[in-house]
Every structure is written in C-alpha cells, then in structure tokens.
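Visitor: For what it's worth, my numbering labels the leading residue of the sequence shown as -16, then goes sequentially. Glycine included, each C-beta is placed from N, C-alpha and C at the ideal position. Computed from a predicted structure; not experimentally measured.
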Amino acid sequence: MTLKDIVAAKSRFTEAHSFELPCLTQSLCPDCQVVVDAELYEDEGQVFMKKTCPEHGAFNELISADATFFKLLRRRSYETSRRPTHSTYPSQAGCPYDCGLCEQHLSTPVMLNIDLTNRCNLNCPICFANSNAAGRVYEITLEQLDQMLDDAMQLRPEPPWCLQLVGGEPTVHPDFLEALRRVKARGIYQVQVATNGVKFAQSAEFAQAASEAGMDEVYLQFDGLDDAMYQKLRGRPLLEIKLRAIENLKNANVRVSLVPTLVKGFNDHQVGAITEFAIDHIDAISTISWQPVAITGRINEEQRRQMRYTTADLARDLEQQLGFIDRYRDWYPFSIIDPFIRLREAT
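#1: So what does DSSP say about Thr68, is it helix, strand or coil?
#2: Report yes or no: do the stretch 311 to 320 and the stretch 50 to 57 share at least 3 C-beta pairs separated by less than 8 Å?
#3: Could you check if Gln29 belongs to the surroundings of the ligand ZN, using beta carbon to heavy atom distance under 7 Å?
#4: Work out the CA separation of Lys233 and Asp129 for me, nearest whole Å.
#5: State whether the stretch 198 to 206 contacts the stretch 170 to 179, with contact taken as three or more CB pairs (one from each stretch) at a distance under 8 Å.
#6: With the cut-off set at 8 Å, would you say Val254 and Leu245 are in Cβ contact?
#7: When you compare only the Cα positions, how much space is there between Leu99 and Ile320?
#8: Determine the burial state of Cys78: buried for a count of at least 16 other Cβ atoms within 10 Å of its Cβ, exposed for fewer.
#9: On a CA-only basis, which of Pro316, Val149 and Pro92 is nearest Ser60? Give me that one, please.
#10: What is the rounded straight-line gap between the Cα of Cys107 and the Cα of Arg217?
#11: Since I believe Leu95 is in contact with Ala135 (beta carbons under 8 Å), could you give me their beta-carbon distance rounded to a whole number of angstroms?
#12: Could you please give me the residues that DSSP links to Gln335 through a beta bridge?
#13: Ends of the alpha helix (DSSP H) at Ser354?
#14: Just the C-alpha distance for Ala(-8) and Arg325, rounded to the nearest angstrom, thanks.
#15: Ile262 to Phe307, Cα distance in whole Å?
#16: Rounded to the nearest angstrom, what separates Lys247 and Lys33 at their Cα positions?
#17: In chain order, what residues of the same chain lie with their CB nearer than 8 Å to the CB of Val237, ignoring the 5 residues before and after it?
#18: If I follow the unbroken alpha helix (DSSP H) through Gly255, where does it start and stop?
#19: Trp273: which of His264, Asp266 and Asp296 sits nearest, CA to CA?
#20: Kindly list the residues whose CB is nearer than 7 Å to the CB of Thr258, restricted to its own chain and excluding five residues on each side of it in sequence; keep chain order.
#21: Whole angstroms is fine: what's the gap from Phe(-4)'s alpha carbon to Phe323's?
#22: Taking C-beta to C-beta, are Pro143 and Pro67 nearer than 8 Å?
#23: Tell me which same chain residues have a C-beta within less than 7 Å of the C-beta of Tyr80, skipping the five on either side of it?
#24: Could you tell me whether the Cβ atoms of Thr35 and Leu23 are closer together than 8 Å?
#25: Closest to Cys15 by CA distance: which of Arg169, Ala256, Phe42 and Gly170 is it?
#26: Can you give me the C-alpha to C-alpha distance between Ala269 and Ile229, rounded to a whole angstrom?
#27: Looking at the structure shown, is Asp266 part of a helix, part of a strand, or coil, going by DSSP?
#28: Name the DSSP bridge partner or partners of Glu25?
#29: Would DSSP call Ser186 helix, strand or coil?
#30: Measure the CB-CB distance between Leu45 and Gln29 and report whether it falls below 8 Å.
#31: Leaving out five residues before and five after Arg219 in sequence, what residues of the same chain have Cβ atoms less than 8 Å from its Cβ?
#32: Using alpha carbons as the reference points, say which of Ile97, His88, Cys110 and Ser186 lies closest to Arg139.
#33: Taking the continuous beta strand (DSSP E) assigned at Gln130, which residues delimit it?
#34: Alpha carbon to alpha carbon, what distance is there between Arg165 and Leu132?
#35: Rounded to a whole number of angstroms, what is the C-alpha to C-alpha distance between Ser224 and Leu84?
#36: Would you mind sorting Ile265 into buried or exposed? The rule is 16 or more other CB atoms within 10 Å of its CB.
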C-alpha cells in the first residue's frame, strides 16, 4: 500500500462517517443486558446517551464531559481493513452475546488478554473484576492455556504481537512462571502482566524469575501518590508497595506501565502528579494507561454522575495540572497509528 492509497482510504472513511450529533447507535440495558437502540446527543456542551429498555425503562448516561473534544477525536479516528482472514465463529445471538472472534469482528486483535485466575491478594472496593467475590475459584490449567495459545496463534492475517496475563491477580496462580514461559515460547513479541505489584514488591527474586521466564512489561495498578487515596480505593495503604515493585522490576529489566483507575472526587486531582512521577522515573516507566472507572451494574443515576470520569475530564485535568498539554491539539485515538504502520509495511 502506498501513501496515496492511505490518504484515499482516509478520505473515503471521512466521507462515509458522520461526526455530527445526534446520531444513532446500540447499547445495553444496565439491568438486564438486553441490546437496545440508543441515541448520542449533545446538551450544554456535553455528550449523553439516551436509551430505553422495554422492561426497565429509560436511562440517560454521560458519555463525554466535552462535546467538542468528543467530536474531534471521532474525526481523528482511522478505519482499519485488517479483517480476520481465517475462519471465524458464526454469529448466533449477536454482539455482545457471542463468544469468540465471530464474523462481526472488523479486525483481528493486536493484543489478547488471558485470565489466569479470579483469585486476588487484595480486596479492592472498586474492583472491576469482582475478584474474591464470585463465590467460586476460576483458575485455568496449563493445558487450557496451551489450547488458548493454539487458537491465538491461528489468527490471520497475523497473530497478536502482544499478550497480557490478567486476573484477579495473575501472579497468585500456582503456575504463573510456567505460564509466562509457555506464552513466550509461542513467539509473542511482548508479554505483559497486569498486576497490583504486591508479589513483585515482596520479592526481588520473584521479579527476576518472571523476567527470565519471558515477562517484558508490567501493567502496574497505580492510582496516585498518597496512602489516604489508596485506603479509599484499595482498602489499605499501598504506596510503599508500589514504589518497591517499580524498583524491583527496574532491576529485573522489566518495563512498567502505570495504570491509574480514575474516580471523580477521589484521585482526579493527582493526574498531573502521576504524569510528573512517570517522567521523573523514565528509566523504569514506559507509559501511563489511564483507566477512568467503569460504572457497571445496578447503580442509580445520581451515584453514576458523582463518580463518572470521562476521557474529556482527563484531558482537561492534565491540561490544567501540567500546563504544557493542549487537550484539543495533543489527543488522538489509538487508531491513528494505523496509517504509520501501513506506511512502514509498504517501504
């Protein structure tokens, strides 16, 4: 593909997509998870989604705190044509009920997540995975892992280049190190582990063993720089544990990506300080993966509005707290890398 082809594809994509509001889409009822029609619309400079479930009534959700920011990122998105070329699962119930890579998928995955276990060595009040509360233990065997890897490596036009082991807390799996070895043996370019860092903080030897087993990068739960905030979000003071984990991983030649879970009114005032911390420790930290809290399940609208923290909120807070970031100039959706990848492949 030439640069001219890339530009033409982008032009076709722009013409085919409306970035004006209101627009129609689909969503889920938060109570029963049935698929319902929805409308995105702008009101007083913000973007909302309204939808109605025949059984549970109407819902109105805040999608973006800044309509200008929302529409700008939609205009900057880039269409990919890397559809799966291997056989996919037939779509039966439709998205999101089908499991696996069905024919509705528009692209193959770049990164895969594999849940090793639902067990965890923390009991966080805001846990998305609901770890330790399921009432049963989910823990895959090495044989099940091998089958998952077999399926992953058959993905075409190319298998994923990145695989992340997640949980629960993946490091508490009894075969964690062997799982790393088996993933790396498949030729996965980057093997990541999403972790709270407790075991890596407890043992520099464990961090070194994980590095030697094939762990390239750690996605480290890192919500801020004071223990009062960790007490609220994680149920215990953890800052010293996070800092020790970063040091042990650096000494084991494992890069760290900080992963702050952001909750309005809890730690949104620290996004600038977290960024400055990452810059000051650039010898150990490669990226920050911001994660505005996911409000799921049965929660009333007032509580949702109080906690809801959108990407636009993050962009505004980083601009205000750092002073050198422009939310409208510097933010792009992840798909923006696609034309550069295609250009590299064409040369």
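Guide: Well, looking at it:
#1: Within the sequence shown, numbered from 1, the residue matching residue 68 stands at position 85. DSSP places Thr68 in coil when its eight states are reduced to three.
#2: yes
#3: Among the components of this structure there are no ligands whatsoever, and the ligand ZN is therefore not found.
#4: Position 146 of the sequence shown, counting from 1, holds the residue named residue 129. Position 250 of the sequence shown, counting from 1, holds the residue named residue 233. So the alpha carbons of these two residues sit roughly 29 Å apart.
#5: yes
#6: By 1-based counting over the sequence shown, the position of residue 254 is 271. By 1-based counting over the sequence shown, the position of residue 245 is 262. Cβ atoms of Val254 and Leu245: closer than 8 Å.
#7: As a position in the sequence shown, residue 99 is number 116, starting the count at 1. As a position in the sequence shown, residue 320 is number 337, starting the count at 1. Whole-angstrom Cα-Cα distance: 30 Å.
#8: Here residue 78 refers to the residue found at position 95 when the sequence shown is read from its first residue. By the 10 Å Cβ count, Cys78 comes out exposed.
#9: One-based indexing of the sequence shown puts residue 60 at position 77. Selected option, being the one with the closest Cα: Pro316.
#10: Here the question's residue 107 lines up with position 124 in the sequence shown. Here the question's residue 217 lines up with position 234 in the sequence shown. Whole-angstrom Cα-Cα distance: 4 Å.
#11: Counting from one through the sequence shown, the residue named residue 135 turns up at place 152. Counting from one through the sequence shown, the residue named residue 95 turns up at place 112. Ala135 to Leu95, Cβ: 6 Å. Contact.
#12: The first residue shown for the chain is -16 and the last is 330, placing residue 335 beyond what the model contains.
#13: The question about residue 354 has no answer here: the residues shown for the chain are numbered -16 through 330.
#14: If you number the sequence shown from 1, residue -8 lands on position 9. If you number the sequence shown from 1, residue 325 lands on position 342. Bear in mind that the predicted position of Ala(-8) carries a pLDDT of just 48, short of 50, making it unreliable; the figure below should be weighed with that in mind. Going by the C-alpha atoms only, they are around 12 Å apart.
#15: Counted from its first residue, the sequence shown places residue 262 at position 279. Counted from its first residue, the sequence shown places residue 307 at position 324. So the alpha carbons of these two residues sit roughly 13 Å apart.
#16: The residue you call residue 247 lines up with position 264 of the sequence shown. The residue you call residue 33 lines up with position 50 of the sequence shown. About 22 Å.
#17: Position 254 of the sequence shown, counted from the start, is the residue given in the question as residue 237. Hits under 8 Å: Ala190, Ala193, Ser194, Met198, Asp199, Glu200 and Val201.
#18: Position 272 of the sequence shown holds residue 255. Val254 to Asp263 is the extent of the alpha helix (DSSP H) around Gly255.
#19: For the purposes of this step, residue 273 is taken as residue 290 along the sequence shown, with counting starting at 1. Of the listed residues, the one whose Cα sits closest to Trp273 is Asp296.
#20: Looking up residue 258 in the sequence shown gives position 275. The answer, listed in chain order, is Ile271, Leu301 and Leu305.
#21: In the sequence shown, the residue the question calls residue -4 occupies position 13. In the sequence shown, the residue the question calls residue 323 occupies position 340. Note that Phe(-4) scores a pLDDT of 44, beneath 50, so its modelled location is shaky; the value from the coordinates is reported in the next line. Cα-Cα distance, rounded: 16 Å.
#22: On the sequence shown, residue 143 is found 160 positions in, with the first residue counted as 1. On the sequence shown, residue 67 is found 84 positions in, with the first residue counted as 1. No, Cβ-Cβ distance for Pro143 and Pro67 is not below 8 Å.
#23: Working through the sequence shown from its first residue, we reach residue 80 at position 97. Cβ within range, chain order: n/a, list empty.
#24: Here residue 35 is taken as the residue at index 52 of the sequence shown, counted from 1. Here residue 23 is taken as the residue at index 40 of the sequence shown, counted from 1. For Thr35 and Leu23, no; Cβs fall outside 8 Å.
#25: Walking along the sequence shown from the start, residue 15 turns up at place 32. Selected option, being the one with the closest Cα: Phe42.
#26: Against the sequence shown, residue 269 aligns to sequence position 286. Against the sequence shown, residue 229 aligns to sequence position 246. According to the sequence provided, residue 269 is Ser. The question's Ala does not apply to it. Between Ser269 and Ile229, the C-alpha separation is close to 12 Å.
#27: By 1-based counting over the sequence shown, the position of residue 266 is 283. Coil, per DSSP.
#28: Reading the sequence shown from its first residue, position 42 is the one you call residue 25. Looking at the DSSP assignment, Glu25 forms a beta bridge with Val30.
#29: Within the sequence shown, residue 186 is the residue found at index 203, counting from 1. Three-state result, Ser186: coil.
#30: Within the sequence shown, the letter at position 62 stands for residue 45. Within the sequence shown, the letter at position 46 stands for residue 29. For Leu45 and Gln29, yes; Cβs fall inside 8 Å.
#31: Within the sequence shown, the letter at position 236 stands for residue 219. For Arg219, where only same-chain residues beyond five positions count, the Cβ hits under 8 Å are Leu105 and Tyr213.
#32: Here residue 139 corresponds to residue number 156 of the sequence shown, with the count starting at 1. Minimum Cα distance to Arg139 is reached at His88.
#33: In the sequence shown, the residue the question calls residue 130 occupies position 147. Looking at the DSSP string, Gln130 is not in any beta strand (DSSP E); the run it does join, the alpha helix (DSSP H), is Leu125 to Met136.
#34: As a first step, residue 132 is located in the sequence shown; it is residue number 149 there, counting from the start. As a first step, residue 165 is located in the sequence shown; it is residue number 182 there, counting from the start. Those two C-alpha atoms are separated by around 9 Å.
#35: As a first step, residue 224 is located in the sequence shown; it is residue number 241 there, counting from the start. As a first step, residue 84 is located in the sequence shown; it is residue number 101 there, counting from the start. Looking at the sequence provided, one finds Ile at residue 224 rather than Ser. Taking the straight line joining both Cα atoms gives about 38 Å.
#36: Reading the sequence shown from its first residue, position 282 is the one you call residue 265. When all chains shown are included, Ile265 counts as exposed.
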